[in-house]
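For the sequence shown, this note's numbering gives the first residue as 2, with consecutive numbering after it.
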Amino acid sequence: MEKINTGFTAYLQETYEIMGKIGLLLVSGDTGSSNVMAIGWGTAGIIWGKPIFIVLVRPSRYTFGFIEKKGEFTVNVPTQDMEEIVTFCGSTSGRDRNKFKEKNLTVLPAKKVVSPIIKECRIFYECRVVHKNNVIPAELAPDIPPDFYPQGDYHRVYFGEILAAYKNKQKFL
């Protein structure tokens with residue numbers, strides 16, 4: 002698969018549009034053992050003079066253990082026609098099922114990190130965790146916990162330095 006290299010900002014507008022419509026796919030692990038989950042929250046920018054992609058993962062999620070162990074992840078931007086796949090990946094646990102196999106997702110080695118990318122996606126961000134912290138319930142605005150944390154499963158926030166950002170050229174031929 003031929004890829005186009007780019008600075009991390011080149012596809013952010015498209016990334017945010019897809020995230021808002023259907024979500025993104027977060028992968029952590031390695032090509033032998035990894036998990037994919039859907040994310041609808043995240044952002045990118047410059048922190049500590051580095052390009053950073055921020056993602057939130059609950060400790061109860063299967064992917065959480067992979068990120069903790071590997072210290073890396075990839076953010077994969079799906080195509081519009083992958084909405085059903087994103088929904089499946091957001092509602093099915095990798096502890097119980099092989100989401101890659103069930104949805105015919107092809108795992109490929111990334112360029113800069115051990116965590117793989119998904120061939121069928123359109124844009125990729127390869128990230129190395131440079132900081133993480135837990136959401137502090139007492140510091141949240143009071144209207145947020147009832148809607149987003151009714152069971153108290155607060156996220157860990159991962160700050161991933163973007164080591165590579167590129168587009169899948171084959172998706173646009």
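Every residue, glycine too, gets a C-beta built ideally from N, C-alpha and C. Keep in mind that this is a model prediction, so the values were computed, not measured.
Quick one: is residue 137 buried, meaning 16 or more other Cβ sit within 10 Å of its Cβ, or exposed?
exposed
Three or more C-beta pairs closer than 8 Å, one from the segment 72-84 and one from the segment 121-130: is that the case here?
yes
Can you give me the start and stop residues for the alpha helix (DSSP H) that residue 63 sits inside?
63-71
Alpha carbon to alpha carbon, how far is residue 78 from residue 66? Give it in angstroms, no decimals.
Taking the straight line from one Cα to the other gives about 22 Å.
Using the DSSP secondary-structure output, state which residues sit across from residue 13 in a beta bridge.
Under DSSP, residue 13 forms no beta bridge with any residue.
In chain order, what residues of the same chain have a beta carbon less than 7 Å from the beta carbon of residue 20, not counting five sequence neighbours either side?
Closer than 7 Å at the Cβ level, and outside the excluded window around residue 20, lie 41, 43.
Residue 1 versus 141, 166, 162, 28, residue with shortest Cα-Cα distance
What is shown of the chain runs 2 to 174, which leaves residue 1 out entirely.
Once the 5 residues before and after residue 100 are set aside, which same chain residues still bring their CB inside 8 Å of it?
Setting aside the 5 residues that flank it on each side, residue 100 is surrounded in the same chain by 36, 37, 89, 90, 93, 106, each with a C-beta closer than 8 Å to its C-beta; the list follows chain order.
8 Å Cβ cutoff met for residue 26 and residue 108:
no
What separation, rounded to the nearest whole angstrom, lies between the Cα atoms of residue 167 and residue 122?
11 Å
Do residue 159 and residue 58 have their CB atoms nearer than 8 Å?
yes
Of all Cβ atoms in chain B, is any one closer than 8 Å to the Cβ of residue 119?
The structure shown contains no chain B; it holds only a single protein chain.
Restricting to Cα atoms, I'd like to know which of 81, 115, 152 is closest to residue 23.
81
Rounded C-alpha distance that separates residue 69 from residue 170
31 Å
Could you check where the beta strand (DSSP E) with residue 133 kicks off and where it finishes?
124-135
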